[in-house]
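Visitor: Going letter by letter, the sequence shown gives residues 8 to 112 in our numbering. No residue lacks a Cβ here, since even glycine has one placed at the ideal position from N, Cα and C.
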Amino acid sequence: MEYTGDTYQGEHFKERIEGQGVYTLPTGTRYEGGFRDGMFHGEGTLFFTSGTKYVATWNKGHPENGRLIFVDGLEYEEGAHYCDEFDRRFYTERCHGLKPAGKRE
């Protein structure tokens with residue numbers, strides 16, 4: 008099934024996305040897990056093209072809890088949505104000019 012460049016492979020109920028499946032956006036980001044009434048629901052993981060993933064329990068499209076796992080295995084649970092996945096700085100760190108950790112070129 009395809010919608011505006013997105014693809015879905017998985018279960019359906021009464022012509023709606025329902026059950027387990029894989030939903031891929033045109034950007035390459037994909038969600039694997041449960042769906043209810045066309046929304047992320049239950050256990051599921053968002054896989055970003057950078058290699059970072061967000062593992063969460065979803066309720067009607069909204070994460071109730073989850074953890075962000077970076078490609079190097081570093082995990083972050085509390086307030087993961089405030090974290091910038093590209094350099095692992097938090098919003099307040101960016102506002103105050105704190106540089107990302109690690110070697111700079």
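1) I'd like to confirm the pairing. Which residues does DSSP put opposite V62 in its beta bridges?
2) Just the C-alpha distance for E82 and G12, rounded to the nearest angstrom, thanks.
3) Let me make sure I understand the geometry here. Which of E71, R43 and T59 has the alpha-carbon closest to that of G35?
4) Alpha carbons only, please: which of K67, S57, A63 and W65 is nearest the one belonging to D79?
5) By a C-beta neighbour count over all protein chains shown, 10 Å radius and 16 as the cutoff for buried, is H48 buried or exposed?
Guide: In terms of the structure at hand:
1) T52 and R74
2) 31 Å
3) T59
4) S57
5) buried
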